[in-house]
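A short worksheet on the structure shown next.
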Amino acid sequence: MKHLMSLSTIDLIKMLIVLFLLAVPPWVNFRKYIKHGRIRINEFFLTLIFILYLTATLFTENLMPFIIVVMTLYIESKNRDFNDEDFYLRKLGKNTGKIFLYSIEFKIFISLINAFVVVILQKYNVSVENQEVTKELLQSNWVETVIYLIMIVIIAPVLEEFIFRHLIYSNLAKKTGAIFAAIISSLLFTIPHYNIAGSVSFFGVGLFNCYLYDKYGYRASVINHFVFNFTSAFLMLLMKGFHVDIGI
């Protein structure tokens, strides 16, 4: 509690954004299984669990929402109704290798564009800093580094693609059309990263993942997100291992 009281206004805003965008959507989606009778929990205990869930999210970052998403995916795999939701959660099959190749090509393409934008920003004296997680990973001990890698490479792709593509994009597209839904969901996806330098990459990942989601399903967007994060994390590990100073 003392730690929470010492947070700045910006930190509190970031915390609320994380709760609103990354914690609440998986929970709201999970509640439908309770309403449909697949899981029966007393309303009082359900409210208590929700409060504990939000509290745990504050101290474990994305771990609790990730667990909810994994539970949801497991339930879906056992209760196939052959509806639109099941269609987008389908297996990739022979398309898996193709998606990995697309993801590598996209990573190179979007990184070049992002680097060009960063050069322009620096030319006009716009402050460009590394993402907070990059600073934390490079300054962490090796136990903490492993935890960060799990969060970046495994938890983030599974959780964020479920929220921003499977929940937000897919539902918004039904009402507004794919283009508008892709732009809005990609903007929402970019916000929690809190980084101007990488905003082009994050927004680009969002747009491309909407395309992959529509064409191949949720798993395809997870693979692209995984490849994007893995390559970045691998570069950070090299920098950490060789003690490269990036001025953080």
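Here my numbering runs 718 ahead of the position in the sequence shown, where the first position is 1.
Even glycine gets a Cβ: it sits at the ideal position worked out from N, Cα and C.
None of these values were measured; they are calculated from a predicted model.
Please report how far the alpha carbon of residue i lies from the alpha carbon of residue j, in whole angstroms.
i	j	result
PHE821	PHE763	Here residue 821 is Ser; the residue named in the question, Phe, does not match the sequence. One C-alpha to the other measures close to 43 angstroms.
GLU761	TYR866	35 angstroms
ILE868	ALA891	31 angstroms
LEU839	THR863	30 angstroms
ALA896	HIS884	13 angstroms
Does the distance from the CB of residue i to the CB of residue j come in under 7 angstroms?
i	j	result
TYR806	GLY935	yes
PHE926	PHE824	yes
PRO910	ILE735	yes
MET954	LEU830	no
VAL918	ASN832	yes
ALA951	VAL871	yes
ILE886	SER903	yes
ILE752	ALA938	no
VAL787	PHE880	yes
Under 6 angstroms from any heavy atom of the ligand HEM, does the C-beta of residue i make it?
i	result
SER795	Ligands are entirely absent from the displayed structure, and the ligand HEM is therefore not among its contents.
By Cβ distance, which residues of its chain are closer than 6 angstroms to residue i, with the 5 residues on each side in sequence left out?
i	result
MET782	TYR771, ALA774 and THR775
Taking the alpha helix (DSSP H) that residue i belongs to, which residues open and close that run?
i	result
TYR912	No alpha helix (DSSP H) holds TYR912; DSSP gives it neither H nor E.
ASN927	917–934
LYS812	No alpha helix (DSSP H) contains LYS812, which DSSP labels as neither H nor E.
LEU791	781–796
ILE870	Note, ILE870: premise wrong, no alpha helix (DSSP H); not H, not E.
Would DSSP call residue i helix, strand or coil?
i	result
LEU807	coil
SER821	helix
GLU850	helix
Just to confirm my understanding: we take residue i, look at its own chain, exclude 5 residues before and 5 after, and list those with CB closer than 8 angstroms. What are they?
i	result
TYR929	ALA900
Only counting the same chain, and skipping five residues up and downstream in sequence, which positions put a Cβ closer than 7 angstroms to that of residue i?
i	result
ASN947	ILE870, VAL871, ALA874 and PRO875
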